[in-house]
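With our numbering applied, the sequence shown covers 64 to 285.
Just so it is clear, CB atoms sit at the ideal spot from N, CA and C, and this is done for glycine as well.
For clarity, every value in this text was computed on a predicted model and none was experimentally measured.
Taking it in order: structure first as C-alpha cells, then the write-up.
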Amino acid sequence: MTAPMPARSLLKALAGPLLMGAILFGASLYAFGGIDKLFKTTSPDVAACKAAQPLAAALKPLAKGEVAALQIPKEPARLIDLSFKAPDGRDTTLSAFRGKAVLVNLWATWCAPCRHEMPALDRLQQKFGGADFEVVAINIDTRNFDKPKQFLDEVGVRALAQYADPSAKIFQDLKAVGRAFGMPTTILLDKNGCELATLAGPAEWSSPDAFAFIGKALGRAP
Numbered sequence: 064m065t066a067p068m069p070a071r072s073l074l075k076a077l078a079g080p081l082l083m084g085a086i087l088f089g090a091s092l093y094a095f096g097g098i099d100k101l102f103k104t105t106s107p108d109v110a111a112c113k114a115a116q117p118l119a120a121a122l123k124p125l126a127k128g129e130v131a132a133l134q135i136p137k138e139p140a141r142l143i144d145l146s147f148k149a150p151d152g153r154d155t156t157l158s159a160f161r162g163k164a165v166l167v168n169l170w171a172t173w174c175a176p177c178r179h180e181m182p183a184l185d186r187l188q189q190k191f192g193g194a195d196f197e198v199v200a201i202n203i204d205t206r207n208f209d210k211p212k213q214f215l216d217e218v219g220v221r222a223l224a225q226y227a228d229p230s231a232k233i234f235q236d237l238k239a240v241g242r243a244f245g246m247p248t249t250i251l252l253d254k255n256g257c258e259l260a261t262l263a264g265p266a267e268w269s270s271p272d273a274f275a276f277i278g279k280a281l282g283r284a285p
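Structure, rendered in C-alpha cells:
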C-alpha cells in the first residue's frame, strides 16, 4: 500500500496548478473588461424600464376617482411576452406592439363587468388611439367564437380591433406572474413594453379620470 503524501508536500504539489488557475482567471477578467462587467446584470430591457420610473411616479396621483384601483409600480418592469390572435386570425405577440403604448385588457362575454366595460374602452380608443397608443382588448372565450363579435356589434363597438385567445392561455400566463386574479384584467404598458399600471377589475375608461390618466401616460392633454 502506498503511504499517504504528507500535508506539506500535498500543498506544494498543488501550488503550481492553483497559481496557474489564478493567472488564467485574471487574464479572462481582463479580456472581458474586468469583474464588474463579468457580473453585470443590467440589460437594455432593465435600462428602458428604469427610464419609465419618473412617468410612473407622475401617474400615481392621477390614479383616483373612476380609476382609483389602478396599481402603479414603483419600479416598472418589462411584462412577459404574450401570444394571441390578431383580428385576421394570424398569430401575434405583445412585443409586436413595441413602439406604442398599449392598454391590454382581457375580457369574456360571460364576464358581466367586462361586457359593461367594452363600450367605455371603445370610447377610450376613439379618443387616444393612433400611432402611439392602442387599446388591445383580448377576448378569452373558449367556445362559440362568433359570440364576442356579435356582442361587440350589438353594443356599437367600432374602434376596437378584435383580438382573441380561444385557449385562454394568456390569462394563465399573466396569473403565473401575479398579474391576473380575475376578470377583467387590464395592464398599461409604455412603448418599451414596461408596465405603468395594473388593474384587477373594471373601470370607467371613458371618464374624465381615465382620460386624464391615459393622457398623462401619453404626454397629451386629456
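Item to check | Same chain, Cβ closer than 6 Å to P271, neighbours up to 5 away in sequence not counted | outcome: none
Checklist entry - To the nearest whole angstrom, what separates the beta carbons of L187 and A121, a pair I think is in contact under 8 Å? => result Contact doesn't hold; Cβ gap of about 20 Å is too wide.
Next on the checklist: Considering just the uninterrupted stretch of the alpha helix (DSSP H) at D272, what are its terminal residues?
Outcome noted: That run of the alpha helix (DSSP H) goes P271 to L281.
Item to check | Cβ contact (3+ pairs, closer than 8 Å) linking the region 248 to 259 and the region 212 to 224 | outcome: no
Checklist entry - Pick from E217, P182 and D253: whose alpha carbon is nearest that of P139? => result D253
Checklist entry - Can a CB atom of chain C be found closer than 9 Å to the CB of E267? => result Going by chain labels, chain C is absent from the structure shown, which holds only one protein chain.
Checklist entry - Which residue comes first and which comes last in the alpha helix (DSSP H) that contains D151? => result Neither: D151 is in no alpha helix (DSSP H) and is coded neither H nor E.
Next on the checklist: Nearest by alpha-carbon distance to A132: which of S269, G282 and G264 is it?
Outcome noted: Of the listed residues, the one whose Cα sits closest to A132 is G264.
Next on the checklist: So, does the region 139 to 148 touch the region 107 to 118, judging by three or more C-beta pairs under 8 Å?
Outcome noted: By the criterion of at least three beta-carbon pairs nearer than 8 Å, the region 139 to 148 is in contact with the region 107 to 118.
Checklist entry - So, F208 versus P229, is the Cβ gap smaller than 9 Å? => result yes
Checklist entry - Between A126 and F276, what straight-line distance do the alpha-carbon atoms span, to the nearest angstrom? => result 7 Å
Item to check | Neighbour-count burial assignment, S158, 16 or more Cβ in a 10 Å radius | outcome: In summary, S158 is exposed, with fewer than 16 beta-carbon neighbours lying within 10 Å of its beta-carbon over all protein chains present.
Item to check | Residue environment, T105, which counts as buried when at least 16 other CB atoms sit within 10 Å | outcome: Residue placement at T105 is poorly supported in this model, since its pLDDT is 44, which falls under 50; the coordinates are not used for a value here.
Item to check | Straight-line gap, A200 to V240 (C-alpha atoms, nearest Å) | outcome: 19 Å
Checklist entry - Rounded C-beta distance between P247 and L145? I'm assuming under 8 Å. => result About 15 Å separates the beta carbon of P247 from that of L145, a gap too long to meet the 8 Å contact definition.
Checklist entry - Ordered along the chain, which non-local residues of its own chain (more than five positions away) have a Cβ less than 7 Å from that of E129? => result The beta carbon of E129 sits closer than 7 Å to those of A266, E267, S270, D272 and A273, all from its chain and outside the five residues before and after it, given in chain order.
Next on the checklist: Can you list, in chain order, the residues of its chain with a C-beta nearer than 7 Å to that of I203? Leave out the 5 residues immediately preceding and following it.
Outcome noted: L169, A171, D228, A231, I233 and F234
Checklist entry - On the three-state DSSP scale, how would you describe E267? => result Three-state DSSP puts E267 in coil, outside helix and strand.
Next on the checklist: So, with DSSP's three-state summary, where would you put V130?
Outcome noted: helix
Checklist entry - Do L251 and V167 have their CB atoms nearer than 9 Å? => result yes
Item to check | Runs of beta strand (DSSP E) wholly within the region 184 to 229 (minimum 3 residues, chain order) | outcome: 196 to 202
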